[in-house]
Amino acid sequence: MDQETLKNELREIAKIVKEFPEAVQQEAFAILTRDLTSDFSPQASPSKKAATRKATADVPSKPKGASKVPSKKPSGGKESYSIDRHLDLTESGSIPSFKDFHTEKNPKTAAEFTAVAVYYLVKLRGSESASLDHLYTCYAEVKKKQPKAFRQSVNDTKSKQGWVEWGSESDQIVIPHRGTVFVEHDLPRNEPAK
Numbered sequence: 110m111d112q113e114t115l116k117n118e119l120r121e122i123a124k125i126v127k128e129f130p131e132a133v134q135q136e137a138f139a140i141l142t143r144d145l146t147s148d149f150s151p152q153a154s155p156s157k158k159a160a161t162r163k164a165t166a167d168v169p170s171k172p173k174g175a176s177k178v179p180s181k182k183p184s185g186g187k188e189s190y191s192i193d194r195h196l197d198l199t200e201s202g203s204i205p206s207f208k209d210f211h212t213e214k215n216p217k218t219a220a221e222f223t224a225v226a227v228y229y230l231v232k233l234r235g236s237e238s239a240s241l242d243h244l245y246t247c248y249a250e251v252k253k254k255q256p257k258a259f260r261q262s263v264n265d266t267k268s269k270q271g272w273v274e275w276g277s278e279s280d281q282i283v284i285p286h287r288g289t290v291f292v293e294h295d296l297p298r299n300e301p302a303k
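Residue numbers (our numbering): 110 to 303.
Take a look at the structure:
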């Protein structure tokens, strides 16, 4: 493959990668380009290049116009979260239980629920951040069904409403000022008079 062809392939892969959630775009790009760029890697040995060429030669070619990358994620990459049995969501002194706080704030959407749960854990419980397992535990505590694309739900809350942010550690969620104001002043939402 010449460099011009490589550039075109990389541009095409970059377009495809933009369809993935932001949190996995870098990894997806690396996976999709691993074999493609091996011919140009200075570390790639001649035997590795030959093995790559042989492996790709054994793959049956696709008809022209067929996508080189599947449009769906592999089914083996399902999200998996667990209940944190050490997470205290009970009433403690002046801190209400999560169930009571949830009832008081009455979140209607997954984004609102995420903001309420992270606010509760960070602002009321004093945690530095909340994890995806903590959020999953909050859903279980109030017997509410979790979104199917759990992590993507948090990404959407971050990017669309700005009520949460990813922390410095992987899978750690924090609540910015905007989320604090939302939970403190906008929830529960006023129901229209009937």
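We put the beta carbon where it would ideally sit given N, CA and C, even for glycine.
- The residue from 253, 280, 254, 249 with its alpha-carbon nearest to that of residue 263 is 280.
- Between the alpha carbons of residue 234 and residue 228 lies a distance of about 9 Å.
- Around the beta carbon of residue 201, fewer than 16 other beta carbons lie within 10 angstroms, which makes this residue exposed.
- The closest CA to that of residue 285, considering only 224, 213, 246, 242, is found on 224.
- Contact annotation: the region 262 to 277 does not touch the region 190 to 197, with fewer than three C-beta pairs closer than 8 Å.
- The beta-carbon separation of residue 245 and residue 206, rounded to 17 Å, does not stay under the 8 Å limit for a contact.
- Setting aside the 5 residues that flank it on each side, residue 140 has no residue in the same chain whose C-beta is closer than 7 Å to its C-beta.
- The straight-line gap separating the alpha-carbon atoms of residue 112 and residue 138 is approximately 18 Å.
- Within 10 angstroms of the beta-carbon of residue 297 lie fewer than 16 other beta-carbons, which makes it exposed.
- Minimum Cα-Cα distance from residue 294 among the listed residues 118, 120, 221, 134 corresponds to 221.
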